[in-house]
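Just add 1186 to wherever you are in the sequence shown, counting from 1, and you've got this note's numbering.
Even glycine gets a Cβ: it sits at the ideal position worked out from N, Cα and C.
Scroll down for the structure; my scribbles are underneath it.
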Amino acid sequence: MDSSRLVSRRDLDFLLFEWLDVDALTGRERYADHDRTTLDGVLDVSERLAAEKFAPLAAALDVDEPRIGDDGVVVLLPAVAEALAAYNRAGLPGMSFDAEHGGIQLPFTVQRAASMFFQAASVGVHAYPSLAAGAAHLILTHGTAEQIVTFAEPVVEGRWYGTMCLSEPQAGSSLTDITTRAVRQDDGSYRLTGTKMWISAGDHELGDNIVHLVLAKTPDAPPGVKGLSLFIVPKLLPDADGEPGERNDVALVGLNHKMGFRGTTNTVLNFGEGFATPGGRPGAVGFLVGEEHAGLSSMFTMMNEARIGVGAGAVALGYAGYLHALEYAKNRTQGRPLDAKDPASPPVPIIEHPDVRRMLLAQKAYVEGGLALVLYCARLVDERVTAPEPADRDRAAQLLEVLTPLAKAWPSQWCLVANDLAIQVHGGYGYTREYPVERLYRDNRLNPIHEGTQGIQALDLLGRKMVAGGGAGLAVLAGTITETVVSARKAGGEAADHAAALEAAVARLVEVTGIAWSDGDPAVALANATAYLEAAGHVVVAWLWLQQMLVAEGREGAPYDGKRLAARYFFAYELPRVATLLDLVASRDRTTLDLDVSAL
């Protein structure tokens, strides 16, 4: 597949090196072994491998999805293992990990950008190394030295894979209702029993082992999420040399078949019910990560990373759809201009029609805006770790806390809209399987649910992130946006006009946050949290578009003209939505609270 229909490399270069100044990170100690040549090389390799090895699998796996063979083993197309082997040979599993643990120690922003090519090419195949990296990061952050060597480093090397096991059939996203049980043994290990549902990449034969990170409750656990503990539960128990040995008591019960992401095995797993456990004791062998009853805070290390990854995947799928639609619109001839006088005149490419241009411009605004949001959050990760001043590290951490729900939710909503528009640009061909935009839409439709629904992100944003510490995170966000407003005013012209609109929107967002919580009743404050989430996301993306516009100031040609055009669209068509949404939140409307469900 032509890599030009994955994610625009020119746009990535603009965002990474002209806007975010990522190559300046190589002047910091952590990244001192790299330079611009290294960063470009990683992007080059990723773009090529994604196009050559991953992209051909997307359509094939959509038809020939994973299945369980007669022997109970997951069967995948052989080309999946070949693609991941090429990914591993290139050293890509360890892109952002510490060199001492087998990683390349690249800036996280570059890792995130490089991954976009693979997500656009085959989001289902990329899920395997993506989830594995999240598991390794969690263990490296919270695990013991022995756990790091035994369970994290093989993942960094690409030999093992990993998952996170939270949901259960009866609990879904309500972690309070988890019933999986973990009982401590005399040797310090635990035995786990219970069922986990919707476990992506939960079983396969792509690597030598799978490291499951499982939330469970000990017998003496306090009620609710405060009673959750986190355990490493390997599919195969390591032997004395750390190599995969006996099968652990983790059983594959079945595969879930989704409308998209069909290349990723999505599993139901039983712990403690399928296989004989060493020593004849019941339950899967697990190893506690951190302290008992502190599992959820540790798991959020992986969940927050995964949420940004979901947002990135939504952007990648929306971006690929946009590039396909753009190419189609340039080549598909149909109809004539409205002022054409001769019905015998030749048809024109549909990109000549104003409404097609509107749809393409909307897609561009959504996907490039979403890409900016995801990469900005990735840059905050690098700042949080490597900024020279402690105050700058703290500020980056605060901003990242506030922006993470938006980085997951906004692209999941609006890059899906971009996929919808890509189908519309194709007309009747768009919803046939002969064109990839139909599949891209189905793949992306999963992201508003993955790693916490839109409603969960809304509750997190308005219920926690925006009001924590007396609204400290919101204050940092508003202050950071104001810095851009001041710069845009100085630039004058169109940028100054946009700055005035953005300043008003930010002020209203801050005001409405206080109004929502004016009586401290969470039920009323959060009844319209999803509207708040959407409004806040639009404010943030408008800010990032203004930043890009300022970088493009005084520069002509691609991509600068396109940046100005997309920014103009977003401020004219999208930012005005914010006022209506925030008015609804400020009204503290009780429609959903007071309705009689029997009337539904």
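By alpha-carbon positions, which one of 1753, 1727 and 1728 ends up nearest to residue 1739?
1753
Boundaries of the alpha helix (DSSP H) in which residue 1222 is found, first to last residue
1222 to 1235
Any idea what DSSP makes of residue 1697, helix, strand or coil?
helix
Quick one: is residue 1409 buried, meaning 16 or more other Cβ sit within 10 Å of its Cβ, or exposed?
exposed
Let me check understanding here. Comparing Cα to Cα, which of 1275, 1595 and 1419 lies closest to residue 1375?
1419
DSSP bridge partner residues for residue 1367 (one or two, in chain order):
1379 and 1403
For residue 1693 and residue 1750, I'd like the C-alpha separation in whole angstroms.
24 angstroms
Do you know offhand how far residue 1667's Cα is from residue 1283's?
31 angstroms
By a C-beta neighbour count over all protein chains shown, 10 Å radius and 16 as the cutoff for buried, is residue 1248 buried or exposed?
buried
Out of curiosity, what's the CA-to-CA distance linking residue 1437 and residue 1717?
41 angstroms
Considering only residues of the same chain and omitting the five flanking positions on each side of residue 1726, which have a CB-CB separation below 6 angstroms?
1592
Taking 8 angstroms as the cut-off, decide whether the C-beta atoms of residue 1392 and residue 1403 are in contact.
no
Given 8 angstroms, three or more beta-carbon pairs between the segment 1320 to 1327 and the segment 1293 to 1301:
no
Would you mind giving the Cβ-Cβ distance between residue 1451 and residue 1441, rounded to the nearest angstrom? I have them listed as a contact below 8 angstroms.
6 angstroms
What is the DSSP secondary structure of residue 1689, reduced to helix, strand or coil?
helix
Measuring CB to CB, does residue 1458 end up less than 8 angstroms from residue 1399?
no
Find out if the Cβ-Cβ distance for the pair residue 1446, residue 1628 is shorter than 8 angstroms.
yes
Assuming residue 1311 and residue 1266 are in contact, meaning their beta carbons sit under 8 angstroms apart, how far apart are those beta carbons, in whole angstroms?
6 angstroms
Residue 1292 and residue 1228: beta carbons closer than 8 angstroms?
yes
DSSP state of residue 1604 mapped onto helix, strand, coil
helix
DSSP state of residue 1255, grouped into three classes?
coil
Buried or exposed, going by whether 16 or more other CB atoms sit within 10 Å of the CB of residue 1587?
buried
Which value, in whole angstroms, describes the spacing of the CA atoms of residue 1767 and residue 1721?
6 angstroms
Under 8 angstroms Cβ to Cβ from residue 1361, same chain only, skipping five residues before and after it: list those, please.
1352, 1401, 1411, 1414 and 1482
Cβ pair residue 1197, residue 1554 closer than 8 angstroms
yes
Which same chain residues, not among the five before or five after residue 1652, have their C-beta less than 6 angstroms away from its C-beta?
1660 and 1699
Residue 1330 versus residue 1480 - alpha carbon distance
15 angstroms
In its own chain, which residues sit with a C-beta less than 6 angstroms from the C-beta of residue 1621, not counting the 5 before and 5 after it?
1612 and 1615
Residue 1564 versus 1514, 1775 and 1496, residue with shortest Cα-Cα distance:
1496
At what residues does the beta strand (DSSP E) containing residue 1470 begin and finish?
1470 to 1475
Report the option in 1470, 1670 and 1251 whose CA atom is closest to the CA atom of residue 1264.
1251
Compare the C-alpha of residue 1290 against each of 1220, 1498 and 1535 and name the closest.
1220
As assigned by DSSP and simplified to three states, the class of residue 1452:
strand
If you measure between the beta carbons of residue 1470 and residue 1434, is that distance less than 8 angstroms?
yes
Which residue spans inside the segment 1323 to 1357 form an unbroken alpha helix (DSSP H) run of at least 4?
1339 to 1342
Helix, strand or coil for residue 1417 per DSSP?
strand
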